[in-house]
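Residue numbers (the numbering used here): 102 to 640. Structure record follows, encoded as structure tokens.
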């Protein structure tokens, strides 16, 4: 495959400086956040000389690598497919290109677990460029939960590294005869044996591959499945970069069915082209400035979704104990659940994604409890809810630990909240017994027991084999009064981590959306619709 010469960062090449994300001056010597120096490493080719013009395909819109990597697992064949300018412009980004491939190549009779299903890992045109929030990955496939078309996203470094390797997307088809992982190092693309990775959780898998290839930090990005994906748990996820998860609609089960344990991408050397480099930097700075100064987004810039716990509890929207209540439990000090307290209650450090200056992703050190000293990923709202309040767990340290266990096992934390909460309610009422769970008792507020239950589910042991099918199918199998306690949608997924009795306006979307309850895009700010910035939902 033809190799594109590496291009130096435009900012470093031209000795530009501007305001960095934290307000410090950004220069060639000081060019990015502390984690990984990700912003300084964006590959931009500038169309300034004949030599540079010859190194990139100027017929494509800026930002595209121009190639799709095709992997036929059944026949162990790998090839590249060119991406045309028309396709880039018509289908725009990872979701659009993935949807086009899925629509054209997967007929209606092909279900999620059929070899002819496609598993598409794609990026958009901004991936690898110095714009906040653009290093991520989109997974498109026919999902295991609803058996319908789905897309789900994960942040981190995978998308940028895929682009630096010269590809806009990876398309898996067929099914491997034995467990493999895909290795990409610029023009070296290989299917390698993954038998030594089986049984490892998603963090152990990354550790093993980093050691195997002698790389650390963001020199390599690894996304793959844990034990849940290996055993085809329907709500298994694809996780990577220690805490970033493509979580919706059982994409990890699809990956497991194809016997692909992981995709491992060494940070490549390919350059990217922008049609207007200075305009790109100006637009990126405007986006960053708005995120840092707009009252409706400042909190997201600083704390991500951490404020959601207190805010949604006040609105009656935080689901507690499997919908049995949405009222604050007695004795819980909610000042400890304010965003600054959730952040500063732990020793923490920033864990930014590629090219991103947002401050919401952090790693934590557990300060107390049986797992004191462990490093975990700071939960977002869905984690505090699904691994915490939905299960009656209000110990912040226990929730933070369990949230990372969920990611390591490789299951969707939102589905976990509704599934484990349902089991806890059924056990309290006598509808499920400890004998069905191999002697395990799972009670409200018990994070250790919840983790043991997840292990049973991930390995399909005892009743865990039934629970691995998700709330809807498991409740239909058990039937009786247990089924009456289950919360799910008819399409097979579960609701968001919200109590819809306090946010009834979401019901229409929940009941009619083509992907069940799986969010398919970002919210539109009220001001952009000509409405006041704050709206009372009861008006």
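In this text, a Cβ means the ideal position worked out from N, Cα and C, and glycines have one as well. A quick note: this is a predicted structure, and the numbers were derived from the prediction, not measured.
What distance in whole Å lies between the Cβ atoms of residue 590 and residue 516, which are believed to be in contact at a cut-off of 8 Å? The residue you call residue 516 lines up with position 415 of the chain shown. The residue you call residue 590 lines up with position 489 of the chain shown. The pair is not a contact, with the Cβ atoms about 12 Å apart (cut-off 8 Å).
Sequence-distant residues of its chain with Cβ nearer than 6 Å to residue 537 (five each side left out): In the chain shown, counting from the first residue as 1, residue 537 sits at position 436. Hits under 6 Å: 564.
Segment contact, 8 Å Cβ cut-off, at least three pairs: the region 420-438 with the region 521-534: At 8 Å Cβ cutoff, the stretches touch.
Considering only the alpha carbon of each residue, which of 260, 518 and 175 lies closest to residue 279? Translated into the one-based positions of the chain shown, residue 279 becomes position 178. Relative to residue 279, the option among 260, 518 and 175 whose CA is nearest is 175.
Using only alpha-carbon positions, find the residue among 497, 282, 307 and 180 that is nearest to residue 472. For this step, residue 472 is matched to residue 371 along the chain shown. Per the Cα distances, 497.
Within the region 342-407, note down every full alpha helix (DSSP H) run reaching 4 residues or more, in order along the chain. List check, alpha helix (DSSP H) in window: 352-358, 378-394 and 399-404.
Out of curiosity, what's the CA-to-CA distance linking residue 263 and residue 462? Counting from 1 along the chain shown, the entry for residue 263 is found at position 162. Counting from 1 along the chain shown, the entry for residue 462 is found at position 361. The straight-line gap separating the alpha-carbon atoms of residue 263 and residue 462 is approximately 21 Å.
Going straight from the alpha carbon of residue 612 to that of residue 531, what length do you get? Mapped onto the chain shown, residue 612 falls at position 511. Mapped onto the chain shown, residue 531 falls at position 430. It is roughly 30 Å from the alpha-carbon of residue 612 to the alpha-carbon of residue 531.
Looking only at its own chain, which residues have a Cβ that is under 6 Å from the Cβ of residue 448, when we skip the five neighbours before and after it? For this step, residue 448 is matched to residue 347 along the chain shown. These residues qualify, in order along the chain: 466.
Among 273, 526, 476 and 378, which has the Cα closest to the Cα of residue 240? On the chain shown, position 139 is the one that residue 240 refers to. Closest option to residue 240, Cα to Cα, is 273.
My parser needs the alpha helix (DSSP H) runs of 4 or more residues fully inside the region 177-231; what are they? Listed in chain order, they are 186-192 and 195-206.
Per-residue burial, residue 445 [other beta carbons within 10 Å of its own, 16 or more giving buried]: Within the chain shown, residue 445 is the residue found at index 344, counting from 1. Exposed is the call here.
Determine the DSSP secondary structure at residue 463, reduced to helix, strand or coil. Working through the chain shown from its first residue, we reach residue 463 at position 362. Correct three-state label for residue 463: strand.
For residue 46 and residue 494, what's the separation of their Cα atoms in angstroms? Since the first and last residues shown for the chain are 102 and 640, residue 46 lies out of range.
Which first and last residues belong to the beta strand (DSSP E) in which residue 291 is found? Residue 291 sits at position 190 when you count from the first residue of the chain shown. The continuous beta strand (DSSP E) containing residue 291 extends over residues 289-294.
Distance, Cα to Cα, residue 87 vs residue 464? With the chain represented from 102 up to 640, any question about residue 87 goes unanswered, as that position is not in the structure.
Should residue 352 go down as buried or exposed, given a rule of 16 or more other Cβ atoms within 10 Å for buried? One-based indexing of the chain shown puts residue 352 at position 251. Within a 10 Å sphere around the beta-carbon of residue 352 sit 16 or more other beta-carbons, which makes this residue buried.
Where residue 403 and residue 460 are concerned, what is the direct C-alpha to C-alpha distance, given to the nearest angstrom? Here residue 403 corresponds to residue number 302 of the chain shown, with the count starting at 1. Here residue 460 corresponds to residue number 359 of the chain shown, with the count starting at 1. Approximately 5 Å between the Cα atoms of the pair.
Select from 383, 503 and 187 the residue whose C-alpha is nearest the C-alpha of residue 484. To locate residue 484, count along the chain shown from 1; it is residue 383. Minimum Cα distance to residue 484 is reached at 503.
Quick check on this structure: which residue in 560, 233 and 242 has the alpha carbon closest to the alpha carbon of residue 393? The sequence position of residue 393 within the chain shown is 292, counting from 1. For the options 560, 233 and 242, the alpha carbon positioned closest to that of residue 393 is the one of 233.
For residue 435, the three-state DSSP class (helix, strand or coil): Indexing the chain shown from 1 puts residue 435 at position 334. Three-state DSSP puts residue 435 in a helix.
Burial state of residue 342 (16 or more Cβ within 10 Å): Translated into positions along the chain shown, residue 342 becomes position 241. That one is buried.
Would you call the region 295-315 and the region 207-225 touching, i.e. three or more CB-CB distances under 8 Å? Under the Cβ criterion (8 Å, minimum of three pairs), the region 295-315 does not count as touching the region 207-225.
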